[in-house]
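Take a look at the structure set out below.
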Amino acid sequence: MAETIIDVKNLEHTFNGVRAVRGISFTVREGEIFSFLGPNGAGKSTTINVLTTLLPLQKGTVRVADHNVAQEPEKVRRSIGIVFQDEVLDRDLTVWETMEFHGRLYAIPREERRRRIDEMLRVVELEDKRNERTKHLSGGMKRRLEIARGLMTAPRVLFLDEPTLGLDPQTRMRMWDYIRQVNEAGTTIFLTTHYMEEADMLSDRISIIDHGEVIASGTPERLKNALGEDVVYLETENDAEAREVLDRLESIRSITESPRGLSITIDEDGSHCLPVIMDRVRGAGIGIVSVNLKKPTMDDVFVHYTGRELRDTGRTS
Amino acid sequence: MAWEFLTIYWREMIRFTRFKALLFSSLLQPALWLAFFGVAMSSNFDRFASAVPAPPGVFPVEYLTFMAAGVIAMTTLFTSLFGGISLLFDKNWGLMREMLASPIPRTHIMIGVSLSGMTKSFIQVIIIMVFGLLIGVHFFPGYTPLQIAVSVLGILAFVGVFSLGFLLFSSIISMRMESPEGLQGVITLLTLPLFFVSNSLYPIQAFPPLLRALSIYNPLTYLITGIRYFTIGSDFFAIGARYTYTPVDILISFAVLVIFAAVMYVLAWQTFRRAVVT
Ligand SMILES: Nc1ncnc2c1ncn2[C@@H]1O[C@H](COP(=O)(O)OP(=O)(O)O)[C@@H](O)[C@H]1O
Ligand SMILES: [Mg+2]
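Listed in order, the protein sequences are those of chains E and U.
If you read the first sequence in numbering that gives the first Met the number 0, its first letter stands for residue 0, the second for the next number, and so on.
If you read the second sequence in numbering that gives the first Met the number 0, its first letter stands for residue 0, the second for the next number, and so on.
Written out as structure tokens, the structure is:
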């Protein structure tokens with residue numbers, strides 16, 4: 000198993016009486032994409048701010064990249080990159096100057112710095128914009144520039160606070176590609192989002208956070224399967240007979256018959272159960288006309304744990 | 000030696016030179032001030048001053064030359080007091096987070112900003128001096144080229160230390176303020192008394208005793224003393240008053256400015272160390 004690169008124990012943070020983070024614990028392993036999924040105001044940014052040393056540690060212990068954020072904040076800063084939730088770009092600097100400034104802040108030697116700027120701008124396809132002032136870039140370009148900037152220091156962990164907030168669907172998909180590329184190149188990613196599919200598509204593991212508390216954690220698959228509500232829609236040549244055959248399977252919770260076929264609710268992972276169902280039905284000499292498996296979505300997971308829908312609510316801090 | 004502050008300095012200077020119109024006006028404004036205010040007032044003051052002739056043997060100085068030194072000092076004061084606003088924008092636009100989350104030491108952020116402000120003051124001072132000489136200010140009377148060079152260095156030393164003090168002060172206010180209006184308010188509240196309780200535009204000898212006593216606590220007084228010493232000389236007569244400076248006076252004035260800057264540095268350091276910006 001990979002090493003732990005972020006270790007958070009009982010983290011609490013209060014702003015003048017507002018308990019933004021209420022004792023959360025989690026670990027992130029080196030090399031994975033880890034997501035914090037939660038609605039606005041859940042405490043995601045506050046957690047990132049403590050992990051990146053921008054906010055002082057009030058309560059709990061936090062280790063990032065082998066260093067304690069309270070005791071060795073400078074060492075933590077050297078090992079991380081951040082893309083903030085809201086835009087952090089000097090409107091009047093050019094793309095190249097933005098990168099140059101950042102590289103200098105991290106004291107990357109000149110030659111190396113220039114090389115990495117070229118390389119990163121190529122990766123995010125902004126080479127032809129290098130002398131453009133950032134205020135003239137589109138929203139997606141700005142985000143790509145911020146990601147390129149976060150990456151140019153070759154951090155061990157990259158923090159992305161709602162990286163695709165406010166971007167159109169196409170740009171969002173490309174951003175996901177970049178994030179995957181970066182991760183495949185070896186950077187651990189800590190991501191926050193309130194988009195279900197984003198967490199679902201990108202993450203190795205997810206923690207669902209609400210009102211400053213982690214309410215569920217696991218791989219996207221496990222979180223969804225844990226609901227145990229996979230449904231198989233099965234249409235056969237003889238539904239009544241098929242139902243009798245399947246009634247004896249213990250992983251099946253219930254079967255309802257309708258004119259369009261059988262709806263079979265399954266207790267465990269439907270993708271494992273489906274072949275068994277099909278074997279049984281075929282084994283009994285009943286022909287299958289159509290089959291369809293519906294798994295719960297992250298939305299279902301979220302509703303299950305928080306009792307409410309997660310709606311998209313624009314860019315706020 | 001750590002040179003990280005150069006990064007901040009570099010960015011500040013890009014900002015300074017990027018907006019040509021703003022750059023141009025910040026360079027032209029003090030010169031215009033000297034031209035219009037100085038030329039207009041000097042005909043008045045000189046007429047009025049001719050009623051009190053210089054004692055025999057004392058070098059007389061016309062008003063334009065006297066007040067040119069004051070314009071240098073005031074320009075430095077204004078520019079420096081506003082210098083910290085860059086930090087306020089960084090803070091309000093979220094840009095400061097990039098710096099605070101990076102390995103650069105916090106002190107270097109304030110040093111970089113302050114040194115760039117100092118550079119701006121140097122440029123303005125040079126421009127005022129050159130422009131003043133063009134419109135008939137009699138700086139460096141009878142000086143040899145070497146004496147002029149030494150005097151210019153002396154002026155820059157005084158201007159440098161003074162501006163650092165006020166730049167750090169401005170940085171402290173900027174870090175504590177929420178909005179540029181707040182900084183503006185503090186500056187307005189402060190510049191008028193600093194300006195009037197100083198000998199920048201008229202002699203302080205005629206002040207009521209209370210104001211004269213207060214002027215001892217005004218850094219501007221010491222800056223002007225230094226500038227007049229280096230631009231005019233150690234013994235001269237202007238608008239009805241005689242000015243004499245000994246080298247010890249000058250050293251003391253410089254020392255006062257250094258202490259002022261050092262105190263501001265410590266206060267600024269404490270402000271920066273504790274600052275939380277998210
Ligand atoms: N600087 C602050 N001062 C006071 N309250 C804050 C501050 N930052 C965040 N909060 C509050 O803390 C809670 C969590 O906010 P945040 O961490 O930004 O949530 P998220 O990033 O998940 O949307 C919210 O109730 C928010 O209003
Ligand atoms: Mg947030």
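C-beta atoms are modelled at their ideal positions from N, C-alpha and C, and glycine is treated no differently.
Rounded to the nearest angstrom, what separates residue i and residue j at their Cα positions?
i, j, result
"E/Pro154", "U/Leu219", "48 Å"
"E/Phe100", "E/Thr133", "13 Å"
"E/His210", "E/Ile188", "23 Å"
"U/Ala1", "E/Ile146", "28 Å"
"E/Phe35", "U/Gly69", "60 Å"
"U/Val255", "U/Tyr221", "7 Å"
"U/Tyr216", "U/Pro192", "11 Å"
"E/Val220", "E/Asp299", "Reading the sequence as shown, one finds Glu at residue 220 of chain E and not Val. Roughly 13 Å between the two C-alpha positions."
"E/Lys223", "E/Met297", "7 Å"
"U/Leu80", "U/Trp92", "21 Å"
"U/Val124", "U/Ile71", "6 Å"
"E/Ser316", "U/Gln28", "Model confidence at E/Ser316 stands at a pLDDT of 39, short of 50, so the residue's coordinates are unreliable; what they give is reported in the following sentence. Answer to the nearest angstrom: the Cα atoms are 41 Å apart."
"E/Asn291", "E/Ser270", "11 Å"
"E/Asp89", "U/Gly56", "60 Å"
"U/Glu180", "U/Pro59", "44 Å"
"E/Thr218", "E/Gln57", "29 Å"
"U/Ile13", "U/Val158", "22 Å"
"U/Ala237", "U/Arg211", "18 Å"
"E/Ser262", "E/Glu196", "26 Å"
"U/Ala274", "U/Gly116", "21 Å"
"E/Thr312", "U/Leu213", "Caution applies to E/Thr312, whose pLDDT of 45 falls short of 50 and renders its modelled position unreliable; the value that the coordinates give is listed next. For E/Thr312 and U/Leu213, the distance between alpha carbons rounds to 57 Å."
"U/Phe195", "U/Ile231", "22 Å"
"E/Arg314", "E/Glu183", "In this prediction, E/Arg314 scores a pLDDT of 39, lower than 50, which makes its location untrustworthy; no coordinate-derived value is stated."
"E/Ala106", "U/Leu99", "14 Å"
"E/Pro162", "U/Leu266", "38 Å"
Report yes if the C-beta distance between residue i and residue j is below 9 Å; otherwise report no.
i, j, result
"E/Glu240", "E/Ile276", "no"
"E/Asp229", "E/Pro274", "no"
"U/Phe259", "U/Met109", "no"
"U/Ser120", "U/Thr75", "yes"
"U/Val185", "U/Met174", "no"
"U/Ile172", "U/Ser197", "no"
"U/Leu21", "U/Gly82", "no"
"U/Asp248", "U/Arg241", "no"
"U/Tyr8", "U/Thr106", "no"
"E/Phe14", "E/Thr45", "yes"
"E/Val20", "E/Ile5", "no"
"U/Met66", "U/Ser252", "no"
"E/Thr191", "E/Gly37", "yes"
"U/Ser42", "E/Leu104", "no"
"E/Phe83", "E/Asp176", "no"
Residue range of the beta strand (DSSP E) that residue i falls in?
i, result
"E/Gly102", "Element bounds for E/Gly102: not the beta strand (DSSP E) but the alpha helix (DSSP H), 94-104."
"U/Ala260", "Segment 246-273 is the alpha helix (DSSP H) holding U/Ala260; no beta strand (DSSP E) there."
"E/Lys293", "287-293"
"U/Pro59", "58-60"
"U/Tyr242", "240-243"
"E/Ser137", "First-last for E/Ser137: undefined, no H or E at that position."
"E/Val17", "17-28"
"E/Leu233", "229-235"
Can you give the beta carbon distance from residue i to residue j, rounded, assuming they're within the 8 Å contact cut?
i, j, result
"E/Leu54", "E/Val61", "11 Å between Cβ atoms; not a contact."
"E/Glu131", "E/Thr93", "6 Å"
"E/Leu166", "E/Gly139", "6 Å"
"U/Glu3", "U/Pro144", "With a Cβ gap of about 38 Å, U/Glu3 and U/Pro144 do not count as contacting."
"U/Gly111", "U/Leu5", "7 Å"
"E/Leu201", "E/Ile32", "5 Å"
"U/Arg10", "U/Thr277", "Not quite, the Cβ-Cβ distance comes to about 21 Å (not below 8 Å), so this is no contact."
"E/Lys141", "E/Glu86", "6 Å"
"E/Leu233", "E/Arg279", "11 Å between Cβ atoms; not a contact."
Quick one: give me the first and last residue of the alpha helix (DSSP H) that residue i is part of.
i, result
"U/Val158", "144-175"
"U/Glu97", "94-99"
"E/Asn182", "168-183"
"E/Asp299", "297-305"
"E/Ala153", "Segment: none, E/Ala153 is in no alpha helix (DSSP H) and carries neither H nor E."
When you compare the CB of residue i with every CB in chain A, is at least one pair closer than 9 Å?
i, result
"U/Val129", "Chain labels in this structure do not include chain A; the protein chains are E and U."
Of all the residues that make up the stretch 76-107 of chain U, which are near chain E by a beta-carbon distance shorter than 7 Å?
-> Cβ contacts with chain E come from Gly93, Leu94, Arg96, Glu97, Met98, Leu99, Ala100, Ser101, Pro102, Ile103.
Where the stretch 159-173 of chain E meets chain U: residues whose CB sits under 9 Å from a CB there = If you check each beta-carbon in the stretch 159-173 of chain E against every beta-carbon of chain U, none falls closer than 9 Å.
Identify each residue in the stretch 95-109 of chain E for which the Cβ-Cβ distance to at least one residue of chain U is less than 8 Å, and report them in chain order.
-> So the list reads Glu96, Phe100, His101, Arg103, Leu104, Tyr105, Ala106, given in the order they occur along the chain.
Could you please tell me which residues of the stretch 4-16 of chain U, in chain order, have their CB closer than 9 Å to any CB of chain E?
-> Listed by position along the chain: Leu5, Thr6, Ile7, Trp9, Arg10, Ile13, Arg14.
For the stretch 38-57 of chain E, which residues have a beta carbon sitting closer than 9 Å to at least one beta carbon of chain U?
-> The residues in question are Ser44, Thr45, Asn48, Thr51, Thr52, Leu53, Leu54, Pro55.
Chain U contacts made by the stretch 72-97 of chain E, where a contact means CB separation under 7 Å | From the stretch 72-97 of chain E, only Glu73, Arg76, Arg77, Ile81, Phe83, Asp85, Val87, Asp89, Asp91, Leu92, Glu96 have a Cβ closer than 7 Å to chain U.
Quick one: which residues of the stretch 245-270 of chain U get their C-beta closer than 9 Å to a C-beta of chain E? List them in chain order.
-> Here the close residues number zero.
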